[in-house]
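Written out below as structure tokens is the structure these notes cover.
In the working numbering, the protein residues as written are 16 to 128.
Right under this line is the structure:
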């Protein structure tokens, strides 16, 4: 086997793996959406100090379900009854209270008179 043929085989294997992974992601999303229920990107975190994780949220008439964006699982990682959910407004300035940036950017090289 020549090096050129070996390189072609490796390239073909990489292409097959990428196409297979994209097909799996597409098929998983189609399976999660099921019979036309709305599915959207949704991030969630566990507790106040937890990391945000990206996932897919699915709404039905009585449940709100969250699926991790990565992983092969077809079952919801977290599921809530819609009546049990608490709705609230985002707290303004919460990031600033924890010592983060205030949201304003400073311009470099510009000084005020």
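Ideal placement from N, C-alpha and C gives every residue a C-beta, glycine not left out.
Between the Cα of residue 134 and those of 60, 36 and 42, spot the shortest distance and give me the residue it belongs to.
No information on residue 134 is available, as it lies outside the stretch 16 to 128 that the chain covers here.
Evaluate the contact criterion for the segment 43-50 versus the segment 16-29: three or more CB pairs, one atom per stretch, below 8 Å.
no
Would you report the Cα separation of residue 24 and residue 104, rounded to the nearest angstrom?
Residue numbering aside, residue 24 sits at position 9 when the chain shown is read from its first letter. Residue numbering aside, residue 104 sits at position 89 when the chain shown is read from its first letter. Between residue 24 and residue 104, the C-alpha separation is close to 55 Å.
Which same chain residues end up closer than 7 Å to residue 75 when comparing Cβ atoms and leaving out the 5 residues on each side of it in sequence?
Translated into positions along the chain shown, residue 75 becomes position 60. Taken in chain order, the residues that qualify are 52.
Between which two residues does the alpha helix (DSSP H) holding residue 34 run?
Mapped onto the chain shown, residue 34 falls at position 19. Counting along the chain, the alpha helix (DSSP H) containing residue 34 begins and ends at 18-48.
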